[in-house]
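Peer 1: Chains Z and F are the protein sequences, given in the same order. With this note's numbering applied, the first sequence covers 11 to 290. With this note's numbering applied, the second sequence covers -3 to 468. The C-beta atom is built at its ideal place from N, Cα and C for all residues, glycine as well. This structure is a prediction, so every number in the text was calculated from the model and none was measured. Let me begin by handing over the structure; questions about it come next.
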Amino acid sequence: MFEIVNKETLGPNVTRYEIKAQRVAKSRLCGQFVIVRGLEHSERIPLTIADVNTETGTITLIVQTVGKSTLEMTTLQKGGYFADVAGPLGQPSHIAKYGTVAVIGGGLGTAVVYPQAVALRQAGNRIVSIIGARTKELVILEQLLGSVSDQLIVITDDGSSGKKGLVTDALRELTQSDNKVDAVYCAGPVIMMKAVAELTRPMNIPTIVSLNPVMVDGTGMCGGCRVTIDGKRKFACVDGPEFDGHKVDFNELMDRLKTYKGHEGKKYEEHKCKLLQGNK
Amino acid sequence: MSSEPDKLTAKERMAIPRQQMPQRDGIERSRDFKEVNLGLAEQVAIREAQRCLQCKNPKCVEGCPVGIDIPGFAKLIADGDFLAAAELVRKDNDLPAVTGRVCPQEIQCEACCIRCKSDTPVAVGWLERFVADYQMGQSKKTKPTAVKKTGKKVACIGSGPAGITCAGQLAKLGYDVTIFEAFHKAGGVLVYGIPEFRMPKKIVDAEIRNLKAQGVDIETNVIVGRTVTIPQLMNDEKFDAVFIAVGAGLPEFMNIPGENFKGIYSANEYLTRANLMEAYNPESDTPIIRGKRVCVIGGGNTAMDAVRTSKRLGADESIIVYRRSAKEMPARVEEVHHAEEETIRFEMLTAPVEVLGDKDGWVCGMRCIRMQLGEPDTSGRRRPVPIPGSEFVIDCDLVIVAIGIGANPLLTKTTPGLKLNKWGYIEADENLMTSIPGVFAGGDIVRGAATVILAMGDGKKAAQNIHKYLSR
Ligand SMILES: Cc1cc2nc3c(=O)[nH]c(=O)nc-3n(C[C@H](O)[C@H](O)[C@H](O)COP(=O)(O)OP(=O)(O)OC[C@H]3O[C@@H](n4cnc5c(N)ncnc54)[C@H](O)[C@@H]3O)c2cc1C
Ligand SMILES: Cc1cc2nc3c(=O)[nH]c(=O)nc-3n(C[C@H](O)[C@H](O)[C@H](O)COP(=O)(O)OP(=O)(O)OC[C@H]3O[C@@H](n4cnc5c(N)ncnc54)[C@H](O)[C@@H]3O)c2cc1C
Ligand code: FES
């Protein structure tokens, strides 16, 4: 049982949890994640460790509500407990001094790139963050990411917040400006990471993407998280989650992520109804 | 309980036929997850135990990897003293309710039974299960005897049969034992791999409770190598010795085209979803693909468990695809037999060459090739060789790969100085000590995929040697 020492709503569908997990806090390196179960019957889901406090032995998770597990998690309150928190998992981020780094977060990917932005800045890089979303309501962590960036660009499909367009538009513009972009770190929907990687490939800009396949154990035991990198099978939970974006088979990942579409939607709708009824 | 001492003559014993294990109907049971075998009734167990000829020089004991006094406990059953029989078994085996169900008796104790010469062997496994279940059913719990504490701490990494056994033995010797388990639930393969219909979880849970009652601490959600390392456990947390029992835990894939279509699982993933995450229960949040025509590749216990699970999850047809012949299948004979009763189809001497997908990226079939047996290979089994031009397609919508497991490098890679063999398994000496003083290892991570009883044997041996090491 892992105590929730703090809980805060960051936006319409975004919650920040600070959880007591002494061992995880002590060992965590930037870029690693945990696998959690909010409640005893929950699915095991991966979440990036946004931050740690080694003194209090707590870790911070920033979670966007997208389905049943993440919705149910929101019913847990400060003083309550997460059933299970296992980690830190995955390889730490590759942090180096490049010069200017574009840190791109699409949707909930913003929670994933936030700790990278922090570490990259500490390493002496100039950080230009780009947050992309379909519409204004889905822009998350604007302030938090802004606070660790030298420049922050918000861009939405419909122009309801920031510029109108896609993150690739913002990135292209950036590379064409006087600011040379020396590296790109990117997390978000697979289609977005693919577009970013395609854009930077001809420019030879190192591009690190954070992949989000479905995971179960997170220890390399099941192979459910397998992805194809440079034609080879890799397990994202132990070999990743970050990979060289120019080597990833994005089409395959996109397709594999559709595996449980039907099931997830159904569970979510069923559960949302129950929760809403319970709240009346 | 009958307390008539058993005084049959050898001839009378020989005249008793092997008793039958009552089991649920094949078709009925293949639609749910309740246990297949129902266990022997008391009188039937006594009858079966009377078949034991009480050999002076019992070969069955030699066939048992942990040397259980088989004639001794059979005698106690025949006399009607079931609790004493259970105690006698437990002297050598901490998990008799488990091994009674899953040991490959037909190549161990029962294969050595003298009655095999003219007849069928004594059903040692069923008797073992009988006494263990009987003991569990008694309300009188064996209280853990107070032991003198040694003041020393031992960490067991992994809560499978090897870790559980080692922890239990060390607790009895007065050590402070902590088990670290990566998953959220303790039990190893017994909870995430072997399905409910063969290994009811309540039995494993009871054993875990037993262990806790003996004072063993179990810390779940700790992935040693990530959450904490072995050097940290020894230097910072002051563990005096460590036992590594993390199992094998690395799924093998076939390395054929099409293996990443949607609808292909490793057996590890499929069984973990089904068992540990209880995906068979419609209430569970964890999804699982329920195929209508399911192909499982492999011929071991894992393949049998996966194929029978798929039937229970609603498949119309579930098929074992195995590249050798029935004779070479490593699965327990009883499981193959049960699978047949559950109308599992067997495609023997068949190897997949490609997984086929539809336009949406879902598995729709498997191209296979027929094999024939050639010269024996290093394992002593005849090597399967493809028959040219024999390719054909099996339609299916779910493929489960159960062709074996390898050594998971997560812990071994993060333990400096730990010597491995060329396949990545840990090297241990005859005392099960590794290249690091005070660090022992056993079970599948040393042997490669083996058996529950061998893992338990290692757990016990490691405990004895850890005790020796720490009493220097
Ligand atoms: C390494 C890693 C780190 C992650 N870090 C974070 C994080 O810091 N914050 C955060 O909010 N989320 C993060 N995610 C994504 C998070 O795990 C999923 O949002 C979560 O599993 C959804 O669970 P659910 O039951 O609520 O939704 P589900 O009902 O499972 O899914 C709802 C919707 O989300 C999509 N989805 C499901 N799983 C994923 C996934 N793994 N990635 C992307 N979309 C998914 C589904 O396709 C579906 O459309 C991370 C994923 C990975 C693999
Ligand atoms: C589906 C299936 C069916 C089987 N059927 C039979 C059968 O009928 N009869 C038989 O005799 N044998 C059978 N076996 C084999 C048998 O289960 C194994 O040989 C036995 O479980 C090995 O025991 P172990 O203690 O070495 O490891 P395991 O049982 O594998 O347990 C290892 C434990 O360590 C944990 N772990 C792994 N890495 C770490 C880490 N880094 N930190 C902390 N914890 C970790 C794992 O989560 C796991 O709980 C079967 C195996 C499978 C997979
Ligand atoms: S999540 Fe199971 S191997 Fe990566």
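#1: What residue range does the alpha helix (DSSP H) around Val46(Z) cover?
#2: Do Glu337(F) and Gly59(F) have their C-beta atoms within less than 8 angstroms of each other?
#3: Here's a check: name, in chain order, each residue in its chain whose Cβ is nearer than 6 angstroms to the Cβ of Gly134(Z), leaving out the five neighbours to either side.
#4: Going by DSSP, name the residue or residues bridged to Val185(F).
#5: Should Asn297(F) be listed as close to ligand 2, given that the test is whether its C-beta is under 7 angstroms from any heavy atom?
#6: Which first and last residues belong to the alpha helix (DSSP H) in which Asn63(Z) is found?
#7: For Ser79(Z), would you say it is in contact with chain F, using Cβ-to-Cβ distances shorter than 8 angstroms as the test?
#8: Span of the alpha helix (DSSP H) holding Ala119(F)?
#9: Checking contacts by CB at 8 angstroms: is His51(Z) closer than that to chain F?
#10: Please go through the same chain and pick out, in chain order, the residues whose beta-carbon is closer than 6 angstroms to the beta-carbon of Gly21(Z), but skip the five residues on each side of it.
#11: Could you tell me which chain F residues have their CB closer than 8 angstroms to the CB of Asp227(Z), listed as they occur along the chain?
#12: Counting only the same chain and skipping the five closest in sequence on each side, list residues whose C-beta sits under 8 angstroms from that of Pro380(F).
#13: Measure from the C-beta of Ile240(F) to each C-beta in chain Z and report whether the shortest distance is under 8 angstroms.
#14: Between which residues of its own chain and Lys208(F) is the CB-CB distance below 7 angstroms, once the five residues before and five after are set aside?
#15: In chain Z, which residues lie with their C-beta within 9 angstroms of the C-beta of Lys258(F)?
#16: Looking at the secondary structure, which residues open and close the alpha helix (DSSP H) in which Asp391(F) lies?
#17: Between Asp61(Z) and the rest of its own chain, which residues show a CB-CB distance below 6 angstroms, the 5 nearest in sequence each way excluded?
#18: Going by DSSP, which residues form a beta bridge with Arg222(F)?
#19: In the segment 116 to 149 of chain Z, which residues sit with their C-beta less than 9 angstroms from some C-beta in chain F, listed in chain order?
#20: Is there a Cβ of chain Z sitting closer than 8 angstroms to that of Thr408(F), yes or no?
#21: Beta-carbon of Asp354(F) versus every beta-carbon of chain Z: anything under 8 angstroms?
#22: In terms of residue numbering, what span does the alpha helix (DSSP H) encompassing Ser220(Z) cover?
#23: Consider the Cβ of Lys290(Z): report whether some Cβ of chain F lies at a distance smaller than 8 angstroms.
#24: Return the bridge partner residues of Gly313(F) from the DSSP annotation.
#25: With a threshold of 7 angstroms, establish whether the CB of Val122(Z) neighbours any heavy atom of ligand 2.
#26: Step through the CB atoms of chain Z and report whether any lies within less than 8 angstroms of the CB of Val224(F).
#27: Any beta carbon from chain F within less than 8 angstroms of Ala96(Z)'s own beta carbon?
#28: Does chain Z have any CB closer than 8 angstroms to the CB of Ser(-2)(F)?
#29: According to the neighbour-count rule (16 or more other Cβ atoms, all chains shown, within 10 Å of its Cβ), is Ile383(F) buried or exposed?
#30: Compare the C-alpha of Val477(F) against each of Thr298(F), Gly156(F), Leu91(F) and name the closest.
#31: Thr229(Z): beta carbon under 7 angstroms from a heavy atom of ligand 2?
#32: Against chain F, which members of the segment 32 to 44 of chain Z pass a CB distance test of less than 7 angstroms?
#33: Which residues does DSSP list as the beta-bridge partners of Ile365(F)?
#34: With hydrogens ignored, establish whether the beta-carbon of Ala158(F) is closer than 7 angstroms to any heavy atom of ligand 3.
#35: Tell me which residue opens and which closes the alpha helix (DSSP H) that Thr95(F) is part of.
#36: Would you call the segment 148 to 164 of chain F in contact with the segment 446 to 455 of chain F, where contact means no fewer than 3 C-beta pairs closer than 8 angstroms?
Peer 2: With the given structure in hand:
#1: Taken as a continuous stretch (DSSP letters only), Val46(Z) belongs to no alpha helix (DSSP H), being part of the beta strand (DSSP E) at 43 to 47.
#2: no
#3: Lys107
#4: None; Val185(F) has no bridge partner.
#5: yes
#6: Here Asn63(Z) belongs to no alpha helix (DSSP H); instead the beta strand (DSSP E) covers 55 to 63.
#7: yes
#8: Careful: Ala119(F) lies outside any alpha helix (DSSP H) and carries neither H nor E.
#9: yes
#10: Ile150
#11: Ala178, Phe179, Thr268
#12: Arg319, Arg320, Leu345, Ala347, Met367, Gln368, Leu369, Gly370
#13: no
#14: Ile214
#15: Asp265, Arg266, Lys268, Thr269
#16: Here Asp391(F) belongs to no alpha helix (DSSP H); instead the beta strand (DSSP E) covers 388 to 391.
#17: Thr70
#18: None, per the DSSP bridge assignment.
#19: none
#20: no
#21: no
#22: Not the alpha helix (DSSP H): Ser220(Z) falls in the beta strand (DSSP E), residues 217 to 220.
#23: In this predicted model, Lys290(Z) has a pLDDT of only 36, less than 50, meaning its place in the structure is not dependable; the value taken from the coordinates is given anyway. Judged by the 8 angstroms Cβ criterion, Lys290(Z) is not in contact with chain F.
#24: The sequence given here has Glu at residue 313(F), not Gly. Answer is Arg289(F).
#25: no
#26: yes
#27: yes
#28: For Ser(-2)(F), the pLDDT reaches just 47, beneath the cut-off of 50, and the residue's location in the model is therefore unreliable, leaving the point undetermined.
#29: exposed
#30: There is simply no residue 477(F) to check, as chain F begins at -3 and stops at 468 in what is shown.
#31: yes
#32: Arg33, Val34, Ser37
#33: Ala347(F)
#34: no
#35: 92 to 98
#36: yes
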